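Visitor: Numbering (my numbering), first residue to last: 168 to 382.
#1: Would you mind stating whether residue 305 and residue 292 have Cβ atoms separated by less than 7 Å?
#2: Runs of 4 residues minimum, wholly inside the region 220-271: which ones carry the alpha helix (DSSP H) assignment?
#3: For residue 342, which residues from the same chain have a beta carbon less than 6 Å from its beta carbon, with the 5 sequence-adjacent residues on both sides left out?
#4: Taking the alpha-carbon positions, what's the residue 352 to residue 173 distance?
#5: So what does residue 291 bridge to, in DSSP terms?
#6: Please report the Cβ distance between residue 230 and residue 194, rounded to the nearest whole angstrom; I am assuming they are in contact, meaning their Cβ atoms lie under 8 Å.
#7: Excluding sequence positions up to five away, which residues of its chain have a Cβ less than 7 Å from the Cβ of residue 357?
#8: Quick one: what's got a C-beta closer than 7 Å to residue 360's C-beta in the same chain, skipping five residues either side?
#9: Pick helix, strand or coil for residue 352, following the three-state DSSP scheme.
#10: So, helix, strand or coil for residue 179, using DSSP?
#11: As a quick exercise: from 276, 298, 303, pick the residue whose alpha carbon is nearest that of residue 258.
#12: Who are the Cβ neighbours of residue 113 in its own chain at under 7 Å, not counting the five residues just before and after it?
#13: Hey, would you say residue 324 sits closer than 7 Å to residue 312, going by beta carbons?
#14: Work out the CA separation of residue 177 and residue 245 for me, nearest whole Å.
#15: Over the uninterrupted alpha helix (DSSP H) stretch that includes residue 192, give me the two end residues.
#16: By Cβ distance, which residues of its chain are closer than 8 Å to residue 198, with the 5 residues on each side in sequence left out?
#17: Between residue 181 and the rest of its own chain, which residues show a CB-CB distance below 8 Å, the 5 nearest in sequence each way excluded?
As structure tokens, then:
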């Protein structure tokens with residue numbers, strides 16, 4: 168139990184590394200939480216600092232999930248069970264969403280979840296990617312693709328006949344992503360969500376004032 172706790176805490180701390188915040192602070196000398204959508208993630212970094220900066224943040228955030236399931240879990244847990252491995256991945260995603268280094272206000276967890284799935288459930292990761300691509304090409308909304316891919320996780324687990332413990336952890340991953348997209352869901356229902364490829368309004372790239380909104 169002690170080893171599992173250490174692995175979970177270590178995974179959480181890895182996930183908590185605020186990649187988007189650090190990159191934008193270094194490149195632009197601004198707080199990414201005060202500009203664009205306010206989200207601490209690759210999409211907002213792309214809006215604020217450009218495609219290459221956003222890609223770098225995305226890759227590092229994916230790597231956090233891979234590190235948790237491919238290095239931290241196997242390195243600290245012997246024997247290693249699939250559920251314990253996935254639990255470390257979930258802990259990394261929680262760290263990204265609620266990072267201790269940013270007052271528990273982080274990103275949406277999509278990139279880190281991709282890393283977790285690629286590291287310990289590659290077939291399910293492929294299914295989620297396919298669902299994301301299809302949904303994105305049909306509707307041109309990143310949020311719809313992310314939500315659909317998140318909901319695919321437990322469904323794919325059922326088809327793979329995974330254990331109840333793994334399924335519960337997969338449901339938790341899916342639930343976290345859906346909850347973090349609640350503002351996007353509201354905008355979709357109101358017809359205000361921004362499609363990729365359409366011009367954003369002029370005020371969307373200006374620094375934010377007042378209350379912060381992580382969406």
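Every residue gets a Cβ at the ideal spot worked out from N, C-alpha and C, and that includes glycine.
The structure presented is a predicted model; accordingly, all values stated were derived computationally and were not measured.
Guide: Let me lay it out:
#1: For the purposes of this step, residue 305 is identified with residue 138 of the chain shown, where counting begins at 1. For the purposes of this step, residue 292 is identified with residue 125 of the chain shown, where counting begins at 1. Result no, Cβ atoms of residue 305 and residue 292 do not sit closer than 7 Å.
#2: 240-243, 249-264
#3: Translated into positions along the chain shown, residue 342 becomes position 175. So no residue of the chain qualifies.
#4: Walking along the chain shown from the start, residue 352 turns up at place 185. Walking along the chain shown from the start, residue 173 turns up at place 6. Going by the C-alpha atoms only, they are around 36 Å apart.
#5: Here residue 291 refers to the residue found at position 124 of the chain shown. Residue 291 pairs with nothing; no bridge assigned.
#6: As a first step, residue 230 is located in the chain shown; it is residue number 63 there, counting from the start. As a first step, residue 194 is located in the chain shown; it is residue number 27 there, counting from the start. Rounded to the nearest angstrom, the Cβ distance from residue 230 to residue 194 is 19 Å, too far for a contact under 8 Å.
#7: Counted from its first residue, the chain shown places residue 357 at position 190. There are no such residues.
#8: Counted from its first residue, the chain shown places residue 360 at position 193. If we look at residue 360 and ignore the five residues flanking it on each side, its Cβ neighbours are 308, 310, 351, 354.
#9: Counting from 1 along the chain shown, the entry for residue 352 is found at position 185. In the structure shown, residue 352 sits in a helix (DSSP, three-state: H, G or I).
#10: As a position in the chain shown, residue 179 is number 12, starting the count at 1. Of the three classes helix, strand and coil, the one that applies to residue 179 here is helix, per DSSP.
#11: Sequence index remark: in the chain shown, residue 258 carries index 91 (1-based). It is 276.
#12: This structure cannot settle anything about residue 113, because the visible part of the chain is limited to 168 through 382.
#13: Mapped onto the chain shown, residue 324 falls at position 157. Mapped onto the chain shown, residue 312 falls at position 145. Contact flag unset, no.
#14: Residue numbering aside, residue 245 sits at position 78 when the chain shown is read from its first letter. Residue numbering aside, residue 177 sits at position 10 when the chain shown is read from its first letter. Looking at the two C-alpha atoms, the distance is approximately 16 Å.
#15: For the purposes of this step, residue 192 is taken as residue 25 along the chain shown, with counting starting at 1. Start and end: 186-195.
#16: Residue numbering aside, residue 198 sits at position 31 when the chain shown is read from its first letter. These residues qualify, in order along the chain: 188, 191, 192.
#17: Position 14 of the chain shown, counted from the first residue, corresponds to residue 181. 231, 234, 235, 239, 259, 262.
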